[in-house]
Amino acid sequence: MKLLLLGPPAAGKGTQAEKLVERYRIPTISTGAIFRKAMEQMTPSGKLAKEYIDKGQLVPDDVTIAIVRERLAEDDCKNGYILDGFPRTLPQAQAADDMGIQFDKVILIDVADEEVVRRISGRRQCGECGAVYHIDDNPSEKVSLCDKCGGTLVTRDDDTEETVKIRLEVYHSQTEPLIRFYREKGNLVTVKGQKEVEHTTEMLFQALDK
Ligand code: AP5
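This is how it looks when you write it as structure tokens:
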């Protein structure tokens, strides 16, 4: 099973990827998470990615494609994977094709821009394990502490009001063309992001079972 999660920033791709991992027992590969780890460890690719991510811009295609190619060669990807956030430009989609990746389904989680801004302003992420919460919609049991590992919840550096506007512009100009690209291939399914995480998961599973 090979799945791609497509959608604007804070559409809930990472949140739903966790549900898909439980269902299909295949790994989720988030380019955003890979870059955040590399930034934290201050590796050369992390330092480079930071220059773009902090401004809301995409990391250059060649760097991103090389990182994904390397990750997909690992053993745990043999039975499939969920890609969260790659491809997100047409050259990346072409590179995925060239790597022989054929997605069983490309899932677009569709969320309006105003809701993106609301979700991002309330998002908190565990600094240790990366688990994602929302202060209103999906709060942790103890304020500022992760339910899963007890780590401290933080706000991502790229979750500022100013950066979100740029990330949305980048999404509309560079990632939205992929909707047509995959619709023409016939494997696109659209799920309207719902107010409740569980409701979105239900719709997602229904779309995958069709
Ligand atoms: P990345 O981490 O992929 O960021 P993104 O695409 O902007 O997506 P997010 O992580 O912000 O959101 P999400 O859709 O996973 O939503 P989440 O589940 O957290 O990438 C970061 C950066 O890295 C990019 O800007 C770029 O610079 C770079 N990058 C990454 N991939 C790249 C690539 N391929 N090429 C080039 N550069 C790349 O949910 C959001 C919030 O909403 C949470 O608080 C959650 O609790 C809440 N929520 C979720 N679902 C619901 C719901 N149904 N109802 C209510 N609240 C909900």
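Number 282 marks the last residue of the sequence shown (the numbering used here); no jumps. From the three backbone atoms N, C-alpha and C, an ideal C-beta is built for every residue, glycine too.
{"Check": "G265 versus K214, T87, M73, residue with shortest Cα-Cα distance", "Outcome": "T87"}
{"Check": "Inter-residue spacing [alpha-carbon to alpha-carbon] between Y124 and L217", "Outcome": "29 Å"}
{"Check": "Validate contact between the region 182-201 and the region 158-171 using beta carbons, cut 8 Å, 3 pairs", "Outcome": "no"}
{"Check": "Distance cut-off 7 Å: G118 Cβ against heavy atoms of ligand 1", "Outcome": "no"}
{"Check": "Inter-residue Cα distance where the pair is E233 and M114", "Outcome": "25 Å"}
{"Check": "Identity of the residue in Y254, F107, Y243 nearest G118 by Cα", "Outcome": "F107"}
{"Check": "Closer than 7 Å: H244 CB and nearest ligand 1 heavy atom", "Outcome": "no"}
{"Check": "I125 - DSSP class collapsed to helix/strand/coil", "Outcome": "helix"}
{"Check": "Check whether G32 and I98 have beta carbons under 8 Å apart", "Outcome": "There is simply no residue 32 to check, as the chain begins at 73 and stops at 282 in what is shown."}
{"Check": "Distance cut-off 7 Å: D169 Cβ against heavy atoms of ligand 1", "Outcome": "no"}
{"Check": "Euclidean distance between Cα positions of G104 and V189", "Outcome": "18 Å"}
{"Check": "Rounded straight-line distance, which links the Cα of E142 to that of D301", "Outcome": "Since the first and last residues shown for the chain are 73 and 282, residue 301 lies out of range."}
{"Check": "When K257, D209, V178, E248 are compared against R191, the one with the closest alpha-carbon", "Outcome": "D209"}
{"Check": "Continuous beta strand (DSSP E) stretch holding H271: start and end", "Outcome": "Not the beta strand (DSSP E): H271 falls in the alpha helix (DSSP H), residues 269-281."}
{"Check": "L240 beta carbon near ligand 1 (any heavy atom closer than 7 Å)", "Outcome": "no"}
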